[in-house]
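Input: a single structure, listed below in structure tokens.
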Amino acid sequence: MVGSVGRLFIGVDLRSDTRQALAALLAEDGVGRLPGRVVPPMNWHLTLRFLGEVEVVECDRLLMELAGAHLGNSFEMVFDGLGAFPRRERATVLWVGINEGESQLQTLAGVVEEAVAAAGFPSEDRPFRAHLTLSRIRPPQDVSTVIAATGVVRLRTRVDEITLFRSHLEHGGTRYEVLESFGL
Ligand code: 2AM
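Residue numbers (this note's numbering): 1414 to 1597.
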């Protein structure tokens, strides 16, 4: 069958209690008004691998590879502090970083990359950096003050599955649909 399944990516979804707790923490810290295009809490996730437009056949192969992949054990991760890409003084992405659990996420991203490669996708050359995007900033802005003004954003949660998402670009903004989840 020929045709596109849409714009896909593989990531770590947040449990709803984690989503709420993180939103509350950020609000408490006065990060109510972030610069740029703010990602609404319901869209928060960690991207492990962006795929772009995917054909039906490629998607079938990917689902098979992910289902057979050795994703490892579930683990705990700790969200810890804000940061920016490419740098604070000229930021295009403002994010929440991961402290504990970062190496496991790195390993997981590696396993996902192998599955993606086995499914026939070209390899990703950008190095993986675990982060949760809070806002996308165009043109770039200095976010040093926003980051400095933020108190301790520390939240522990458990990663026990990865998710294949489809992103829908709609008038009201982006909507992420869960296509399939794979337990660790
Ligand atoms: P980000 O969190 O760093 O912004 C869904 O669009 C996810 O895929 C986003 O969270 C984004 O990661 C990532 N993404 C979007 N477009 C991308 C691209 N062209 N290359 C790599 N990652 C992309």
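Heads up, the beta-carbon is just placed ideally off N, CA and C, and yes, glycines get one too.
Proximity to residue i [Cα-Cα], best of the options
i	options	result
H1483	L1568, E1471, E1526 and G1465	E1526
A1532	L1461, E1478 and G1496	E1478
E1494	G1485, T1546 and S1417	A quick correction: the sequence has Gly, not Glu, at residue 1494. The residue with the shortest Cα to Cα distance from G1494 is T1546.
Q1598	V1418, V1452 and V1572	The first residue shown for the chain is 1414 and the last is 1597, placing residue 1598 beyond what the model contains.
G1586	V1451, A1437 and L1464	V1451
G1485	M1455, V1524, E1537 and W1457	V1524
P1454	L1475, A1561, L1461 and L1427	L1427
S1487	E1468, R1501, V1470 and S1516	S1516
Helix, strand or coil at residue i according to DSSP, with G and I counted as helix
i	result
D1430	helix
P1616	No statement about residue 1616 is possible, as the shown extent of the chain runs from 1414 to 1597 and does not include it.
L1438	helix
T1576	strand
V1591	strand
T1546	strand
V1451	strand
T1570	strand
Residue i: CB within 6 Å of a non-hydrogen atom of the ligand MN
i	result
S1580	Of the ligands this structure carries, namely the ligand 2AM, none is the ligand MN.
Closer than 7 Å to chain C by CB, residue i
i	result
S1417	Absent from the structure is chain C; it holds one protein chain and no more.
What are the complete beta strand (DSSP E) segments, minimum 3 residues, inside the region 1458-1539? Segments of the beta strand (DSSP E) lying fully in the region 1458-1539: 1458-1468, 1488-1498 and 1504-1511.
Notebook entry, point to check: Are the region 1574-1592 and the region 1499-1519 touching by the rule of at least three beta carbon pairs closer than 8 Å?
Noted result: Contact between the region 1574-1592 and the region 1499-1519 is absent: fewer than three C-beta pairs spanning the two stretches fall below 8 Å.
query: Is there contact here, the region 1463-1476 with the region 1548-1559, by at least three beta-carbon pairs under 8 Å?
result: The region 1463-1476 vs the region 1548-1559: no contact.
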